[in-house]
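Following the UniProt record's numbering, the numbering of the sequence shown begins with 1 at its first residue and continues without gaps.
Below is one structure, written out as structure tokens; comments come after it.
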Amino acid sequence: MTTHEPAFDLSSESPGKIALRTLVRDRRSWVASTMLVIVVALTLAAPLYASLVSKTDPFVSTINGTVVLDGVEVQVLQQSTEGLRLGVNPIGPTWKIGPYFLGADNQGRDVAARLLYGGTNTLLIGFSAAALTLIVATIVGVIAGYSGKIIDSVISRILDVIWAFPVYLLSISLSVVLLTSGFKWGPLSLEAGSLYLPIFIIGLVYVPYVARPIRGQVLALREREFVKAAIGGGAKNSTIIFREILPNVIPSVLVFIPLMVSLAMLTESALSFLSIGVQPPDASWGTIIKDGLGLLYTRPIVALTPGLFIVITAVSLNLLGDAVRDALDPKARLRGAF
Numbered sequence: 001m002t003t004h005e006p007a008f009d010l011s012s013e014s015p016g017k018i019a020l021r022t023l024v025r026d027r028r029s030w031v032a033s034t035m036l037v038i039v040v041a042l043t044l045a046a047p048l049y050a051s052l053v054s055k056t057d058p059f060v061s062t063i064n065g066t067v068v069l070d071g072v073e074v075q076v077l078q079q080s081t082e083g084l085r086l087g088v089n090p091i092g093p094t095w096k097i098g099p100y101f102l103g104a105d106n107q108g109r110d111v112a113a114r115l116l117y118g119g120t121n122t123l124l125i126g127f128s129a130a131a132l133t134l135i136v137a138t139i140v141g142v143i144a145g146y147s148g149k150i151i152d153s154v155i156s157r158i159l160d161v162i163w164a165f166p167v168y169l170l171s172i173s174l175s176v177v178l179l180t181s182g183f184k185w186g187p188l189s190l191e192a193g194s195l196y197l198p199i200f201i202i203g204l205v206y207v208p209y210v211a212r213p214i215r216g217q218v219l220a221l222r223e224r225e226f227v228k229a230a231i232g233g234g235a236k237n238s239t240i241i242f243r244e245i246l247p248n249v250i251p252s253v254l255v256f257i258p259l260m261v262s263l264a265m266l267t268e269s270a271l272s273f274l275s276i277g278v279q280p281p282d283a284s285w286g287t288i289i290k291d292g293l294g295l296l297y298t299r300p301i302v303a304l305t306p307g308l309f310i311v312i313t314a315v316s317l318n319l320l321g322d323a324v325r326d327a328l329d330p331k332a333r334l335r336g337a338f
């Protein structure tokens with residue numbers, strides 16, 4: 001008689017080790033992680049690429065600049081040969097390792113170098129805003145769910161007010177207001193045009209979307225026997241929160257990380273595309289797409305390349321999020337064990 005044994009011993013390993021083992025075995029996590037590592041590595045190499053390969057400053061316009069291609073010196077911005085022959089067309093992709101591998105934009109700047117620098121800012125804002133969202137939402141959700149009564153009601157109403165506004169509408173409104181005046185509240189001061197402004201705005205507008213599920217989970221945990229036993233034993237509230245509540249909430253927060261980074265990155269790109277996110281001379285994938293709109297018919301690669309990077313990064317983050325969710329789901333682990 002054949003017996004079927006679990007793929008691993010559920011009783012001899014901690015939930016964390018089981019989740020890690022499941023995540024490592026998941027092909028989606030490998031594919032997503034590989035793509036993310038490649039994208040992050042490319043963006044971090046932006047200064048090296050600009051100084052050693054393109055040998056141009058991606059933040060300085062080169063209206064009258066020239067480049068040598070196949071031994072011939074050509075203008076970076078060339079006179080248009082289409083229609084009424086008005087205006088100029090930037091040089092197209094050379095497809096050679098060196099200056100203007102992906103061509104130039106309408107200011108004569110190297111697209112490849114700006115793409116890497118822009119990716120650095122987009123990912124920085126995405127990860128930072130997601131971290132801000134998760135930290136604030138976890139604190140707010142735990143306090144609301146554990147305190148109950150008046151405190152819970154006040155926090156819930158504030159979250160409901162923020163929830164009532166569509167994310168992009170609220171982000172655009174705050175960006176327009178803070179873009180010119182900046183933000184100052186006590187010791188916290190953010191200058192207009194600073195990269196910290198989109199981090200602050202995006203990080204806050206997503207708080208209700210994470211805080212409410214965490215609050216609901218904490219409310220359910222309060223009714224569990226081990227929490228009631230700790231309360232009955234006279235344990236302090238801080239001890240109960242850090243020893244009983246947070247360890248059970250953290251897996252849910254981990255599942256939110258890839259999703260929130262993806263959403264924050266997409267929101268930043270949208271704001272920058274509307275000229276109310278990352279401000280010149282800084283670049284992001286959203287600003288590069290905006291700069292490429294006027295060249296969509298003659299040099300479409302200027303706008304399409306950052307869009308492709310956004311899609312690859314967002315899809316990779318979503319795949320990783322699905323893998324993390326399945327790894328931390330006890331029911332999914334049990335289904336895969338037999």
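Note that CB positions come from ideal geometry on N, CA and C, so glycine has one too.
All values reported here derive from a predicted model rather than from experimental measurement.
Might you give, ordered along the chain, the residues of its own chain that have their beta carbon closer than 7 Å to the beta carbon of residue i, omitting 5 neighbours on each side?
i: residue 347; result: Look at the range of the chain in this structure, 1 to 338, and you will see that residue 347 is not part of it.
i: Pro99; result: Ser54, Lys55, Thr56, Val67 and Asp110
i: Asn106; result: Pro90, Asp291, Gly294 and Leu295
i: Leu69; result: Thr94
i: Arg325; result: Val255
i: residue 341; result: Residue 341 lies beyond the residue range present for the chain, which begins at 1 and ends at 338; the question has no answer from this structure.
i: Arg157; result: none
i: Gln75; result: Thr66
i: Ala270; result: Tyr168 and Gly286
i: Ile151; result: Ile143 and Ala144
i: Ser128; result: Ile199
i: Pro306; result: Leu115, Gly118, Trp285, Ile288 and Ile289
i: Lys17; result: none
i: residue 342; result: Absent from the model: residue 342. The displayed extent of the chain is 1 to 338, so no value can be given.
i: Gly251; result: Before going further, note that residue 251 is Pro rather than Gly in the sequence given. Contacts found: Leu328.
i: Asp160; result: none
i: Glu244; result: Phe226, Val227 and Ala230
Could you please give me the residues that DSSP links to residue i through a beta bridge?
i: Pro90; result: Leu77
i: Lys96; result: Paired residues: none, contrary to the question.
i: Asp110; result: Ala104
i: Lys184; result: Ser189
Ordered along the chain, which non-local residues of its own chain (more than five positions away) have a Cβ less than 6 Å from that of residue i?
i: Leu274; result: none
i: Pro258; result: Leu317, Leu320 and Gly321
i: Val39; result: Thr313
i: Tyr117; result: Ala46, Pro58 and Ala283
i: residue 339; result: Residue 339 is absent from the model: the chain starts at 1 and stops at 338.
i: Ile125; result: Pro198, Ile199 and Glu268
i: Thr120; result: Thr43 and Ala46
i: Leu219; result: Gly145
i: Ile97; result: none
i: Arg162; result: The residue asked about is misnamed: residue 162 is Ile in this sequence, not Arg. Excluding sequence neighbours, Ile162 sits near Pro208.
i: Val154; result: none
Around the Cβ of residue i, are there at least 16 other Cβ atoms within 10 angstroms (buried) or fewer (exposed)?
i: Leu10; result: Residue placement at Leu10 is poorly supported in this model, since its pLDDT is 47, which falls under 50; the coordinates still yield a value, given next. Label assigned to Leu10: exposed.
i: Phe226; result: exposed
i: Ala303; result: buried
i: Gly108; result: buried
i: Ala41; result: exposed
i: Tyr206; result: buried
i: Asp26; result: buried
i: Leu179; result: buried
i: Thr34; result: exposed
i: Met1; result: Low confidence applies to Met1: its pLDDT is 46, below 50, so where it sits in the model is not reliable enough to give any reading.
i: Leu263; result: buried
i: Ser29; result: buried
i: Phe242; result: exposed
i: Gly186; result: exposed
i: Leu15; result: Per the sequence shown, the amino acid found at residue 15 is Pro instead of Leu. The residue is exposed, with fewer than 16 neighbouring Cβ atoms inside 10 Å.
i: Arg224; result: exposed
i: Ala164; result: exposed
In chain order, what residues of the same chain have a beta carbon less than 8 Å from the beta carbon of residue i, not counting five sequence neighbours either side?
i: Gly92; result: Gly103, Arg299 and Ile301
i: Val31; result: Ser316 and Leu319
i: Ser189; result: Gly182 and Phe183
i: Gly78; result: Correcting the residue type first, residue 78 is Gln in the shown sequence and not Gly. Excluding residues within five positions, the ones whose Cβ falls inside 8 Å are Val88, Asn89, Pro90 and Ile91.
i: Tyr196; result: Leu190
i: Leu36; result: Thr313, Ser316, Leu317 and Leu320
With 8 Å as the threshold, decide whether the Cβ of residue i is near any Cβ in chain D.
i: Gly203; result: Absence of chain D from the displayed structure is noted, only one protein chain being present.
Original post:
Which runs of the alpha helix (DSSP H), 4 residues or longer, sit entirely within the stretch 3–71?
Top reply: Secondary structure in the stretch 3–71: the alpha helix (DSSP H) runs of 4 residues or longer, each lying completely within the stretch, are 15–25 and 27–44 in chain order.
Subject >> Ordered list of alpha helix (DSSP H) runs contained in the stretch 271–301, each at least 4 residues >> reply: Fully enclosed alpha helix (DSSP H) runs of 4 or longer: 285–292.
Original post:
Taking the runs of the alpha helix (DSSP H) that are 4 residues or longer, which of them lie wholly in the stretch 145–179?
Top reply: Listed in chain order, they are 149–164.
Subject >> Segments of 3+ residues assigned as beta strand (DSSP E) that fall wholly inside the stretch 188–230 >> reply: Fully enclosed beta strand (DSSP E) runs of 3 or longer: 188–190.
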